[in-house]
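In the numbering used here, the protein residues as written are 2 to 336. Even glycine gets a Cβ: it sits at the ideal position worked out from N, Cα and C. Owing to the predicted nature of the structure, the values given are computational and were not obtained by experimental measurement.
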């Protein structure tokens, strides 16, 4: 097995690529660089790589290294040869936020990567980490690009490409209708396109888009938070699941609930302070005071702890972030 992996590693590193590939072409290699200017697409590329790694070896160890807390030599610890050649998937999500020690360690490792390790580097833009990017280009590291989807034309191309990769067709008017309705949020645009592909048979038309839009629920992070702090458990869970299904990010949902809990804490601890001192508008203070009536110190303490736990879970410390979100909603709702 180890000899096969060594051969696989050698073939990948020897391959001379003429150009970077697109994010949806991401494939396993000893070292993979994701140049991600579009967060949603960068995360998709990484998710695809994780799935491929688990398919290749269900026992693969998943390791995440945070740039901000990285210590010199840490990469070597996680990539050093193992006695039994266990597969490892090492992911650095914010390469550009790293220290010189991280850049030095990564550049050195890329010269002689381990055959049992897949190192995935995600660079989200900017000039930081240029040393690593230059070395990656020189060494022909497998590189996949997720360009920013910013202009309306880019978003229309995105929808068409999503449909094309699914082996389907969509009318030009339907593409325009989708972008007009959801173009401000790429995650929602992607989620609605996926839902249409799953529910509609044959070509997707503008009529299909309008039908879905007319029944669409605005399940934002704040709607989830409002229902949770009001103790409306069923409503909060329904909104949460709909938000996740339509592309809302788990960190954004946790952030919305965290903001609401902080507001209740401020009003509960210092009820006599004016709105300006609490960092809220007067109408917000009135609303939060009404919401805080059903809260006591014990419930507030549990909610604060639950927010911290969920925040860590959705940022990589849990294999099931959706479960962590549901648990957060239940705790905040007082269950």
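Exercise. In chain order, what residues of the same chain have a beta carbon less than 6 Å from the beta carbon of residue 88, not counting five sequence neighbours either side?
Worked result: Same-chain partners within the cutoff: 58, 61 and 117.
Exercise. Would you call residue 39 buried or exposed, if buried means 16 or more other Cβ atoms sit within 10 Å of its Cβ?
Worked result: Buried is the call here.
Exercise. Would you report the Cα separation of residue 338 and residue 115, rounded to the nearest angstrom?
Worked result: It is not possible to answer for residue 338, since the shown part of the chain is limited to 2 through 336.
For this session: Evaluate residue 324 with the Cβ neighbour count: other Cβ atoms within 10 Å of its Cβ, from every protein chain shown; 16 or more gives buried, anything less gives exposed.
Result: Exposed, by the Cβ-count rule.
Problem set entry | Test item: CB-CB of residue 190 and residue 164 under 9 Å | Taking 9 Å as the Cβ cut-off, residue 190 and residue 164 do not qualify as a contacting pair.
For this session: Measure the C-alpha to C-alpha separation of residue 54 and residue 317 and round it to an integer number of angstroms.
Result: When rounded, the distance between both Cα atoms is 17 Å.
Problem set entry | Residue range of the unbroken beta strand (DSSP E) whose run includes residue 264 | Judged by DSSP secondary structure, residue 264 falls outside any beta strand (DSSP E) and instead within the alpha helix (DSSP H) spanning 251 to 270.
For this session: Could you tell me whether the segment 246 to 266 touches the segment 291 to 310, where touching means 3 or more Cβ pairs closer than 8 Å?
Result: Judged by Cβ distances under 8 Å, the segment 246 to 266 makes contact with the segment 291 to 310, as three or more pairs qualify.
For this session: Compute the distance between the beta-carbons of residue 103 and residue 234, then report whether it is under 9 Å.
Result: No, they are not a contact pair.
Exercise. Per DSSP, residue 62 is paired with what?
Worked result: Looking at the DSSP assignment, residue 62 forms a beta bridge with 89.
Exercise. Do residue 204 and residue 152 have their CB atoms nearer than 9 Å?
Worked result: Annotated as distal: residue 204 and residue 152, with beta-carbon spacing of 9 Å or more.
For this session: Just mark residue 261 as buried or exposed, buried being the case when its beta carbon has 16 or more other beta carbons within 10 Å.
Result: For residue 261, the number of other beta carbons within 10 angstroms of its own is at least 16, and it is reported as buried.
Exercise. On the three-state DSSP scale, how would you describe residue 1?
Worked result: The requested residue 1 does not occur in the structure, where the chain is confined to residues 2 to 336.
Exercise. Using a Cβ-Cβ distance under 9 Å, would residue 98 count as near chain C?
Worked result: Among the chains in the structure shown there is no chain C, since it carries only a single protein chain.
For this session: Below 7 Å CB to CB, which residues in the same chain sit around residue 176 once its five sequence neighbours on both sides are set aside?
Result: Taking C-beta separations shorter than 7 Å and ignoring five residues to either side along the sequence, the partners of residue 176 in its chain run 157, 160 and 161, following chain order.
Exercise. Cα separation between residue 47 and residue 106?
Worked result: Approximately 21 Å, taken between the alpha carbons.
Exercise. Since residue 333 contacts residue 258 with CB under 8 Å, what's their CB separation in whole angstroms?
Worked result: Going by Cβ atoms, the distance from residue 333 to residue 258 rounds to 6 Å, so yes, they are a contact pair.
Exercise. When burial is assigned at 16 or more other CB atoms within 10 Å of the CB, is residue 111 buried or exposed?
Worked result: Looking at its Cβ environment, which holds 16 or more other Cβ atoms inside 10 Å, residue 111 is buried.
Exercise. From what residue to what residue does the alpha helix (DSSP H) around residue 79 run?
Worked result: If you look at residue 79, you'll find it in the alpha helix (DSSP H) that goes 75 to 80.
Problem set entry | Cutoff 8 Å; reference residue 82; Cβ partners in own chain excluding five residues on either side | For residue 82, where only same-chain residues beyond five positions count, the Cβ hits under 8 Å are 115 and 117.
Problem set entry | Nearest residue (CA-CA) to residue 291, options 68, 231, 301 and 239 | Taking only the C-alpha atoms, the option nearest residue 291 is 231.
Exercise. Is it true that the CB of residue 304 sits closer than 9 Å to the CB of residue 143?
Worked result: It is not a contact, given that the beta carbons lie outside the stated cut-off.
Exercise. Are the beta-carbon atoms of residue 125 and residue 43 separated by less than 9 Å?
Worked result: Yes, these two residues count as a Cβ contact at 9 Å.
Exercise. Along the chain, where does the alpha helix (DSSP H) that runs through residue 166 open and close?
Worked result: 153 to 166 is the extent of the alpha helix (DSSP H) around residue 166.
Exercise. What's the gap between the Cα of residue 136 and the Cα of residue 37?
Worked result: Looking at the two C-alpha atoms, the distance is approximately 18 Å.
Problem set entry | Enclosing beta strand (DSSP E) for residue 144 [first to last residue] | According to the DSSP assignment, residue 144 belongs to the beta strand (DSSP E) that extends over 143 to 147.
Exercise. Are there 16 or more other CB atoms within 10 angstroms of the CB of residue 123, so buried, or fewer, so exposed?
Worked result: Answer is buried; the Cβ neighbour count reaches 16.
For this session: Helix, strand or coil for residue 41, going by three-state DSSP, please let me know.
Result: Three-state DSSP puts residue 41 in a helix.
Exercise. What do you reckon, are the CB atoms on residue 210 and residue 187 nearer than 9 Å?
Worked result: Contact flag unset, no.
Exercise. When the distance is taken between beta carbons, is residue 254 closer than 9 Å to residue 225?
Worked result: For residue 225 and residue 254, yes; Cβs fall inside 9 Å.
Exercise. Is DSSP giving residue 119 helix, strand or coil here?
Worked result: In this structure, DSSP gives residue 119 an extended state, which the three-state scheme calls strand.
Exercise. Taking the DSSP output, what are the residues bridged to residue 238?
Worked result: According to DSSP, which records beta bridges pairwise, residue 238 is partnered with nothing at all.
For this session: Please determine, among 256, 229 and 222, the residue with the shortest C-alpha to C-alpha distance to residue 245.
Result: If we check each option's Cα against that of residue 245, 222 comes out closest.
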